[in-house]
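Scroll down for the structure; my scribbles are underneath it.
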Amino acid sequence: MQILPQAFALHTNYQRNRKGLEASMARLASGDRLMDAGNGSPADLSISERFRHQIRRAEASTSGIQTALNFLRATDGYMDEVVGILNRMEDVAARATAELKNSDDRKAHQIEFNALQQDLTSLARNARFGGNSQIGSDVMASYDANTEYFKFWRENGDGGEQITRKFDAQATDIRGNLIGFDSSEDFTISRDGKSLYFLAHVTGDAGGTVRLKSYDIEGNILTTSTDLYATGDTLFETESGQLYINGAGTLYSIASDNLAQTASAVADLTTGTQFSVYKDDVYYYRSSDSHLVKSVIATAVATDLVDPSGFAAGDHTIAASGKYAAEESVAGSIRVIDTRTGNESTIAIGAANGVTNMHFNEAGDRIYYVNQNTNSINFVAVTTDENDNVILVDGGKVVQGINANSFQGLDLGGANPASERTFTLAADSVSELSYGGVDLSLYALGLANTRVDSIADAESALEDIKEALNRANAARAKIRAQSSRFTFVLQGHRQWTANMVNTESSIRDVDVAKESINYSNAAVRTQAAQAILAQFNSMAQNVLRLLQ
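Residue 152 in our numbering sits at position 138 of the sequence shown, and the numbers go up by one each step.
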């Protein structure tokens, strides 16, 4: 009988139409034209997925660019505050130049000027975005002999990043040169946070000698000086990034490229003692009488500051600006001297708390040290009141170590090697922009020692503030230029993303109008096939009746 083949034909047509209807309904419901393997060309799905990957990457990159733009705008806002403070400082200094002012008037001007200096220091310290400093450099670095890594913290103890290179006895640079770091000798991090300067003995040299080395943190490249120094010599880097060495009592300036030394006219530093250089002057302990002096580097013309009576030869430090000197006067006590007035104060931190690695921060308002009893980094806050009395406050612990090997040496100032921000500029490439921040701290602006309590000081202050304003405005112009660039990059980024979305949509998305027609067509065909199949089933019943 021919009934069964005809039934299969009808059923096949019905199933084909039903599947077409279901596929059309699924495409309309999902909006995805390529949800079935048979739709589109074989390459359409691959092309669409590639576009979708680029779109997802673009959207993530857009978010990063927006974050960068927010960061730059926030930085610009902080810079605006800095400029406002500098403008007020200029007003105060200008008023202080008036000859008719009496001593009380000038004292009042100085009190306000001091408050503005403190405001600027506080702003530079606390201006942060996502925990990162924006207009100040406050890195604190130490070598951990337990792990053999250099670690970095912010002044408040936050952070804890480290250089990825391990400074063990076998560590070499990219060229195979032995790094040879020696934690018993002096070291310092560069102002930009990209290099580590340190003194270390080199095999083959005479005993008691060391060489200056510079380690490029990013490039993993070591540079070693040809000049020899003595064990115990000390390093200092200025606010402008110039490195100096107290080499057996002579002050040497160091070339940044090859570490070549140039002897200055100043040759009476006490060997092995700390010193600081600020605005072309060097502050140090004179070898002949242990007086703290300020000397012009170019001419060696010295000015006696104070005679630190009974100043010990133990752990000591001089503020970067030369404003204060500090020492561990007796075990568990820190003595601070104002180098301008000679006023001093001593704070007891506990007889059992031995002090090592004392360092002022760049602002000169904190002394950091390693507490040998608690194996921690602590600090003492330093300030002066309106009568020039030195005020010391124990700030307590900021970083806790494991044991005595946790902090081998201590360095304050400069940028954190991990603080440079890298922002992706393009959605489909590795185009990037790095921003290392700007330092508008009181120290970096050259205003750490500026005063207005005399006509001469006020006139000098006006020149200092003018230079500081020029620097702040130049930095702000750079930030705004970068912000403008990011704004255009963001707009272009969004347009690029929109183009990719439109292109991917033309491949992947359903044409609703066309698919609606397909749906109607499939629905009619399905209903017709269903009706005919039902009619066919009733015909079979009629045939059976004839056989009865």
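Don't be surprised by glycine CBs; every beta carbon is placed ideally from N, CA and C.
With distances taken Cα to Cα, identify the nearest neighbour of T380 among A339, Q386, T89.
The displayed chain sequence assigns Arg, not Thr, to residue 380. Checked all of A339, Q386, T89; the closest Cα to R380 is A339.
Could you check what DSSP says for I521 in three-state terms: helix, strand or coil?
Three-state DSSP puts I521 in a helix.
Could you give the distance in angstroms between the alpha-carbon of S534 and the alpha-carbon of A542?
12 Å
Kindly identify the DSSP beta-bridge partner or partners of N385.
V369, S390
Pairing CB atoms from the region 208-222 with CB atoms from the region 242-261, are three or more of them under 8 Å?
yes
Identify every residue that forms a DSSP beta bridge with Q422.
Y157
Considering only residues of the region 55-91, which uninterrupted alpha helix (DSSP H) runs meet the minimum length of 4 residues and lie entirely inside it, listed in chain order?
none
With respect to the beta strand (DSSP E) encompassing A277, which residues constitute its N-terminal and C-terminal limits?
275-277
In terms of residues, what are the limits of the alpha helix (DSSP H) holding R120?
117-140
Just the Cα atoms here: how many angstroms apart are V224 and S197?
Using only the alpha carbons, I get a separation of about 13 Å.
First and last residue of the beta strand (DSSP E) that includes Y592?
A question about residue 592 goes unanswered here, because the residues of the chain that appear run from 15 up to 562.
Between which two residues does the beta strand (DSSP E) carrying Y243 extend?
Per DSSP, Y243 belongs to the beta strand (DSSP E) from 235-244.
Among A366, R354, V350, whose alpha-carbon lies nearest the alpha-carbon of T360?
It is V350 whose Cα lies nearest to the Cα of T360.
Which two residues bound the contiguous beta strand (DSSP E) that contains N170?
No beta strand (DSSP E) contains N170, which DSSP labels as neither H nor E.
Could you tell me which residues DSSP puts in a beta bridge with D318?
V307
Shortest alpha-carbon distance to N101 belongs to which of L476, T397, R508?
L476
Run the CB neighbour count on E251, radius 10 Å, all protein chains shown included, and call it buried at 16 or more, exposed below.
buried
Taking C-alpha atoms, which residue in F289, N272, A274 lies nearest to V280?
F289
Taking R189 as the reference, give the member of Y229, V153, S204 with the closest Cα.
Y229
Check whether the Cβ atoms of I311 and D321 sit closer than 9 Å, and answer yes or no.
No; because the gap between Cβ atoms is not below 9 Å, this pair is not in contact.
Starting from the C-beta of L130, find all residues in its chain whose C-beta is less than 8 Å away, skip the five residues before and the five after it, and write them out in chain order.
I99, R102, M103, V106
Which residue from K180, N403, G356 puts its Cα closest to that of H158?
This sequence places Asp at residue 158; His is not what is there. Closest option to D158, Cα to Cα, is K180.
Grab the span of the beta strand (DSSP E) containing T248 for me, first residue to last.
Where T248 is concerned, the enclosing beta strand (DSSP E) stretches over 248-251.
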